[in-house]
């Protein structure tokens with residue numbers, strides 16, 4: 001199996017120091033999910049299936065080349081859309097061949113719905129793709145039929161249960177075959193309350209048997225214009241997400257730090273630099289980049305050793321929310337946060353429980369939050385963090401701070417490292433509130 005210690009999506013600690021880049025060369029999709037609505041020219045939404053522009057393979061290669069010069073911590077380049085990479089095989093594998101030939105030290109990553117995965121095993125092997133992610137939301141066609149509106153397979157359209165039956169069969173065939181090649185396989189699943197929330201444990205069991213090494217269970221995002229939005233379906237609350245993740249983690253390691261990124265995301269997880277802000281950064285030579293990577297490896301090893309020597313928090317700790325743009329630091333203003341990292345702290349250690357996103361999205365300057373909408377977002381945020389005792393952020397206005405205070409969530413403004421801040425302020429809470437932090 002390939003090493004994953006520099007892969008920010010496959011390794012929880014690596015996401016604090018190493019960066020990834022998605023190149024958007026795959027516009028077409030061969031399945032129609034009820035939760036999805038692809039957008040090709042959107043700069044404001046942050047979710048899968050959204051890009052500001054579709055690239056040609058040559059453009060994608062040059063973009064990666066330019067990014068490497070100013071982002072030395074970039075270690076992974078993936079293709080994840082905005083459609084399905086394997087529904088666009090010419091563009092996808094031309095891009096991977098260019099990158100594999102010219103930048104062999106990069107880890108290449110493919111994310112697919114799996115419908116055509118068994119058809120491209122030779123190309124995946126030839127291009128040196130090290131990681132494959134398959135989005136699989138059900139292993140029961142009846143449940144799958146409620147999630148997938150239709151698929152297009154070998155010149156014919158299928159709907160509902162028939163579509164799901166074909167898709168599930170192909171996904172499992174592909175996972176088994178890719179795992180047999182020695183390639184790491186992660187499975188993504190969208191948690192949809194009332195449809196597959198009681199089924200994802202079985203998905204974990206089945207994909208583990210097929211060869212997957214990790215399961216990423218992601219809360220449903222209500223995509224504007226999707227069928228689920230028109231049906232009035234709601235995302236899961238944090239407790240349901242956590243419960244489903246905890247249940248599946250007893251079968252298979254569960255990824256908890258996923259940001260459900262755009263298909264053109266660049267940078268550290270939580271710090272998307274795809275909007276053209278890279279041009280102002282200093283340029284690194286190849287030697288300087290290698291030196292920087294070595295420093296990051298050393299920094300990561302220190303963090304691993306610290307975690308290995310810490311006390312496992314187990315259950316019953318307090319929960320602390322953190323606003324962060326990435327890099328393992330508390331470095332985001334509360335008002336700018338689109339997501340919060342939630343940790344469980346106990347004694348002298350902490351573990352990440354998951355990422356909680358604010359479900360109210362700004363869809364461009366004409367539709368950003370006014371006073372009424374801002375109050376709605378704040379109410380939603382407080383509800384989302386209702387189980388947290390503390391919130392760490394780089395800054396906050398008086399109105400949201402007062403609202404959080406009334407909800408018994410204490411706000412601490414800091415710009416320190418997340419790990420040390422969690423232990424420090426958890427200890428402070430226990431000093432003022434004896435018994436708040438279990439020992």
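Numbering (UniProt numbering), first residue to last: 1 to 439. Every residue, glycine too, gets a C-beta built ideally from N, C-alpha and C. As the structure is a computational prediction, the values presented were derived from the model and not from experiment.
For residue 78, the enclosing beta strand (DSSP E) begins and ends at 74–79.
The DSSP-derived three-state label of residue 209 is helix.
DSSP places residue 19 in the uninterrupted beta strand (DSSP E) bounded by 19–22. Residue pairing by DSSP places residue 118 opposite no residue, since no beta bridge is assigned to it. Taking each of 233, 108 and 59 in turn and checking the Cα distance to residue 75, the smallest one comes out for 108. Residue 210 is not a Cβ neighbour of residue 168, given a cutoff of 8 Å. Sixteen is the threshold: since fewer than 16 other Cβ atoms of the shown chains lie within 10 Å of the Cβ of residue 156, the residue is exposed.
At the C-beta level, residue 81 and residue 263 come within 8 Å of one another. Judged by pairs of C-beta atoms under 8 Å, the region 64–75 touches the region 283–300, as three or more such pairs exist. Residue 64 sits away from residue 25, with the two beta carbons spaced by 8 Å or more.
One alpha carbon belongs to residue 70, the other to residue 300, and they sit about 21 Å apart. Taking C-beta atoms as the reference points, residue 410 and residue 389 count as a pair closer than 8 Å. The three-state secondary structure of residue 252, taken from DSSP, is coil. For the pair of segments examined, the region 248–268 was found to touch the region 200–219: the number of CB pairs separated by less than 8 Å reaches three. The residue among 62, 151 and 193 with its C-alpha nearest the C-alpha of residue 32 is 151.
For residue 126, the number of other beta carbons within 10 angstroms of its own is below 16, and it is reported as exposed. Inter-residue distance for residue 181 and residue 401 is about 52 Å (C-alpha atoms, whole angstroms). According to DSSP, residue 26 shares a beta bridge with 82. Residue 348 sits away from residue 399, with the two beta carbons spaced by 8 Å or more. Secondary structure of residue 384 (DSSP, three-state): helix. If you keep only unbroken alpha helix (DSSP H) runs of at least 4 residues inside the region 122–185, you get 141–147 and 160–180. Relative to residue 293, the option among 68, 23 and 59 whose CA is nearest is 68. Between residue 357 and residue 338, the C-beta spacing is below 8 Å. For the options 325, 416, 340 and 417, the alpha carbon positioned closest to that of residue 380 is the one of 340.
The C-alpha of residue 343 is placed about 5 Å away from the C-alpha of residue 320. For the options 227, 220, 218 and 179, the alpha carbon positioned closest to that of residue 208 is the one of 179.
When 332, 305, 350 and 87 are compared, the shortest CA-CA separation from residue 416 is found for 332. Annotated three-state conformation of residue 430 is helix, per DSSP. Residue burial is scored here from C-beta neighbours: residue 285 has fewer than 16 other C-beta atoms within 10 angstroms and is therefore classed as exposed.
In its chain, beyond the 5 residues on either side, 26, 27, 28, 29 and 38 have a beta carbon closer than 7 Å to the beta carbon of residue 83. Residue 13 and residue 396 have their C-alpha atoms spaced approximately 27 Å apart.
In the structure shown, residue 106 falls within a coil segment according to DSSP collapsed to helix, strand and coil. According to DSSP, residue 69 shares a beta bridge with no other residue.
Rounded to whole angstroms, the separation of the alpha carbons of residue 248 and residue 201 is 5 Å. One Cα belongs to residue 149, the other to residue 224, and the distance between them is close to 16 Å.
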